[in-house]
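Number of protein chains: 2
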Amino acid sequence: MTDMFTVYLVDDDPGVLKSLSRLLRAKGYDVKPYSSPQVFLEEHDEAIPGCAVLDVSMPDLDGLEIQDVLTTASGSHRPVVFVTGKGDIPTSVRAMKAGAVDFLTKPVKDQDLFEALSRAEAMDAELRRLRSELDVMRAKVRTLTPREREVLTHVVAGRLNKQIAGELGTVEKTIKVHRSRMMEKLGVRTVADLVRMAEKLKLSR
Amino acid sequence: MTDMFTVYLVDDDPGVLKSLSRLLRAKGYDVKPYSSPQVFLEEHDEAIPGCAVLDVSMPDLDGLEIQDVLTTASGSHRPVVFVTGKGDIPTSVRAMKAGAVDFLTKPVKDQDLFEALSRAEAMDAELRRLRSELDVMRAKVRTLTPREREVLTHVVAGRLNKQIAGELGTVEKTIKVHRSRMMEKLGVRTVADLVRMAEKLKLSR
DNA sequence: GCACCTGTTGGCCCAAGGGCCAACTCGACG
DNA sequence: CGTCGAGTTGGCCCTTGGGCCAACAGGTGC
């Protein structure tokens with residue numbers, strides 16, 4: 007469970023689905039095969055670490071459209087590897103521009119697929135790490151009272167307690183209290199750490 | 007001169023070179039046409055704002071190799087737009103992975119080329135802005151004495167003067183002096199600004 | 001040898017940060 | 001009506017940061 011990496015395999019050709027499933031399972035991947043894009047999208051759970059291996063040309067919903075849903079809609083940016091039998095250059099370029107990990111042509115060389123999946127796995131892990139880090143920080147910020155949040159922005163802007171007091175129409179002592187509680191809640195002890203946290207959350211800009 | 011954007015056009019087909027030159031000049035671009043990749047690379051000046059429009063397949067030195075030189079070697083990462091008459095999917099994917107702005111197939115639609123150049127221009131401008139910002143900051147850091155640099159790293163790490171003194175085997179008073187001079191030289195007045203500067207320079211990590 | 005830079009330290013003083021205890025107001029909630 | 005969270009303020013005291021002036025040592029370069 008801990009080192010699980012799921013490959014969502016979507017291809018309307020049962021033969022391809024079967025052979026790729028076997029290949030990837032043998033490699034240790036947890037493969038979820040789908041012959042229907044719709045079913046895949048319904049069952050797809052972005053909370054699970056993994057990537058999608060999509061056939062480009064499928065009836066109803068083609069690979070690029072799925073990619074669009076996976077990246078635009080959720081925001082989780084599930085890594086996508088394309089596999090195609092009859093693609094063209096404009097399609098591959100569009101897929102890559104949209105952030106695809108790779109765009110492979112059938113017959114797919116095992117080595118190429120493995121390398122693409124390896125990069126997809128690294129990318130997914132990194133994105134999840136970053137995302138969870140941000141989630142933790144945002145959760146802390148949410149515990150701040152409105153006043154504490156105001157003080158936060160002024161502190162990361164480098165203002166003195168006295169100046170903050172002036173701008174918020176109160177006195178320095180009050181700011182000190184808010185500031186202290188804010189630092190405590192965010193779990194930082196120095197202004198340096200606070201600023202770095204704010205930068206990661208893109209506050210202050 | 008101010009809003010100059012140069013398009014380095016490299017194609018071994020004189021006809022293509024001529025027609026694209028006319029098209030782009032009419033659009034207001036400063037076009038520099040080359041039928042020889044070697045000559046282009048020799049004359050290429052990365053200090054000039056612009057982008058490269060390369061034919062993929064050329065004798066001796068193909069487009070991908072030129073791209074490699076432009077991005078790997080210099081580090082300036084000149085935006086590249088590919089144009090090709092007989093490319094294939096793997097080639098286009100490789101080009102896009104290597105950071106190409108676009109990969110267009112001949113006959114190139116004017117609209118596609120203009121859009122690609124527009125994005126190339128925006129990218130080039132942004133990279134130059136970022137680069138010059140970093141250059142200015144790095145220049146300031148270079149004016150620091152070794153001791154001041156040490157103090158810098160400790161300050162952005164959130165350490166107190168007293169702690170820094172202990173770790174550097176000196177007294178607090180000395181650190182205060184280095185610190186003050188360091189802030190002065192870097193042109194920052196608050197720790198918050200100092201930390202942001204250090205983050206942009208990827209110090210402290 | 002002298003000027004200059006770098007690093008060092010001291011004294012003095014003031015400004016700013018921050019902890020602890022106590023207290024008050026106001027609005028929401030039960 | 002009483003409680004509670006949020007915001008507020010005061011006093012007290014200690015720690016930190018930081019500016020100004022002065023001084024000294026060691027090394028470099030003219």
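Chains A and B are the protein sequences, given in the same order.
Using the numbering used here, read the first sequence as starting at 7 and increasing by one per residue.
Using the numbering used here, read the second sequence as starting at 7 and increasing by one per residue.
Ideal Cβ positions, reconstructed from N, Cα and C, are used throughout, including at glycine.
Look at Ala-145 of chain A here: in three-state DSSP terms it is helix.
With fewer than 16 other beta carbons inside 10 angstroms of its own, Met-10 of chain A counts as exposed.
Along the stretch 148-210 of chain A, the alpha helix (DSSP H) occurs as fully enclosed runs of 4 or more residues at 152-162, 167-174, 178-192, 197-206, listed in sequence order. Runs of the beta strand (DSSP E) spanning 3 or more residues and lying entirely within the stretch 43-77 of chain A occur at 56-61, in chain order.
Taking the C-beta atoms as reference points, Gly-164 of chain A is found no nearer than 7 angstroms to Asp-108 of chain B.
Out of B:Leu-29, B:Ile-181, B:Pro-20, B:Val-86, the CA that lies nearest to the CA of Val-157 of chain B is found in B:Ile-181. Under the Cβ criterion of 7 angstroms, Val-201 of chain A is counted among the residues facing chain B.
Counting only runs of 4 or more residues that sit fully inside the stretch 102-142 of chain A, no alpha helix (DSSP H) segment turns up. Interface criterion met: the Cβ of Gly-164 of chain B is under 7 angstroms from a Cβ in chain A. As computed with DSSP, Lys-38 of chain B is found in a beta bridge with B:Tyr-14. Listed as beta-bridge partners of Thr-97 of chain B by DSSP are no residues whatsoever. The Cβ of Ser-124 of chain A sits no closer than 7 angstroms to any Cβ of chain B. Residues of the stretch 182-197 of chain A with a C-beta less than 9 angstroms from any C-beta of chain B: Val-194, Arg-195, Thr-196, Val-197, listed in chain order. Under a criterion of Cβ atoms nearer than 8 angstroms, the residues of chain A adjacent to Thr-111 of chain B are, in order, Ile-95, Pro-96. Taken atom to atom, the span from the alpha-carbon of Ala-32 of chain A to that of Lys-24 of chain B is near 55 angstroms. Spatial neighbours of Leu-119 of chain A in its own chain (CB-CB distance under 7 angstroms, excluding positions within 5 residues in sequence) are listed in chain order as Leu-110. Taking 7 angstroms as the CB threshold, Glu-205 of chain B lines the interface with chain A.
A direct Cα-to-Cα measurement between Asp-141 of chain A and Asp-18 of chain B gives close to 52 angstroms. The distance from the Cβ of Phe-88 of chain A to that of Leu-67 of chain A is about 14 angstroms, inconsistent with a contact at the 8 angstroms cut-off.
Within the same chain, Val-162 come within 7 angstroms of Val-201 of chain A by CB-CB distance, once the 5 residues on both sides are set aside. Annotation: the continuous alpha helix (DSSP H) that includes Ala-32 of chain A extends over 20-32.
Contact check for Met-188 of chain A against Leu-150 of chain A passes: the beta carbons are separated by less than 7 angstroms. For the pair Arg-148 of chain A and Ala-128 of chain B, the Cα-to-Cα distance works out to about 36 angstroms.
Residue-level contact by beta carbon holds for Val-99 of chain B and chain A, with a gap shorter than 7 angstroms.
The C-beta distance from Arg-144 of chain B to Leu-207 of chain B rounds to 7 angstroms, short enough to meet the 8 angstroms contact threshold. Neighbourhood of Met-102 of chain A in chain B, by CB distance below 8 angstroms: Ser-98, Val-99, Met-102, Lys-103, in chain order. Chain-order list of chain B residues neighbouring Asp-18 of chain A: empty, with the shortest C-beta distance near 20 angstroms, by a criterion of under 9 angstroms. Within chain A, no C-beta atom comes nearer than 7 angstroms to that of Asp-116 of chain B; the closest sits roughly 16 angstroms away. Taking all protein chains shown into account, Thr-78 of chain A has fewer than 16 neighbouring C-beta atoms within 10 Å of its C-beta and is therefore exposed. Ranked by Cα distance from Ala-122 of chain A, the first of A:Thr-90, A:Thr-97, A:Val-86, A:Glu-132 is A:Val-86.
Think of a sphere of 9 angstroms around the beta carbon of Asp-108 of chain B: the chain A residues whose beta carbon falls inside it are Val-99, Lys-103, in chain order. Here Leu-136 of chain B is exposed, its C-beta having fewer than 16 other C-beta atoms within 10 Å. At a Cβ-Cβ threshold of 7 angstroms, Lys-146 of chain A and Leu-209 of chain A do not count as neighbours. Ser-27 of chain A has its alpha-carbon roughly 43 angstroms from the corresponding atom of Cys-57 of chain B.
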